[in-house]
Amino acid sequence: MPERKFSKHVKDWPEESREAAQLVIDQYGEPHEATDSQLVWYRPGPWKRIVASKIFYDHNFPAPHNDSVESVIDYRVPPEKFSELAAFDGSVIVERTAGEVSARCHDEQANLLALNLMHDIVTGAKSVEQARAYYAKEFGDYRRRKPTPYMEKLRFSPQGREAADPDERVLTEDDLAKAEREGELHD
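Per this note's numbering, the sequence shown starts with residue 2, numbered consecutively.
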């Protein structure tokens, strides 16, 4: 069997992150941005961006593997759902202000699975426990070469720029001016 060819961008990366990044390169071509430690693609497939990192993280859910490829979508998560998502999967990352949710795993299919289940939790279609059980089932089915519908595509539409949540202002201009004056008194 011939030795696998790797992109110049990842040839010196650790095997765990090199293999994962090469899968993205094989799927979407060379990245739009590249540094010594990460590669970035903008608008590949269903994603806002994909970031492949030289750094990888050990992750034991649902079975031991390495996380180094992050797939990002525009999606607003209500703040009251953050704890549920953290309990579901520590590799699902919510950025409230930016209106982004990402999944970081070893490949795009696992990220699809995680984000589809994130959506099910946010919409109330599945509890955290049901989502974790389904993730484990589908992860196993992938290895069994059985159908894995949550790993095939996003089962919802990302929300676009309206997903951003700039939060609510609590300090008025008068509050800020008063604080500035008080600060000057202490100089």
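We treat Cβ as the ideally placed atom computed from N, Cα and C, and that holds for glycine.
- Contact between the segment 125 to 137 and the segment 168 to 184 is absent: fewer than 3 CB-CB pairs across the two stretches fall below 8 Å.
- Going by DSSP, HIS120 is part of the alpha helix (DSSP H) stretching over 109 to 124.
- Between PRO45 and LEU186, the alpha-carbon positions lie close to 54 Å from each other.
- CA-CA distance, ILE26 to ASP37, rounds to 15 Å.
- Between VAL73 and GLU34 a beta carbon distance of about 14 Å is seen, past the 8 Å cut, so the two are scored as non-contacting.
- ASN67 is bridged by DSSP to ASP59.
- Just so you know, the alpha carbons of PHE62 and PHE89 end up roughly 10 Å apart.
- Burial check for LEU40: the Cβ neighbour count within 10 Å reaches 16 or more, so the residue is buried.
- In this model, GLU31 and ARG182 are separated by some 53 Å (Cα to Cα).
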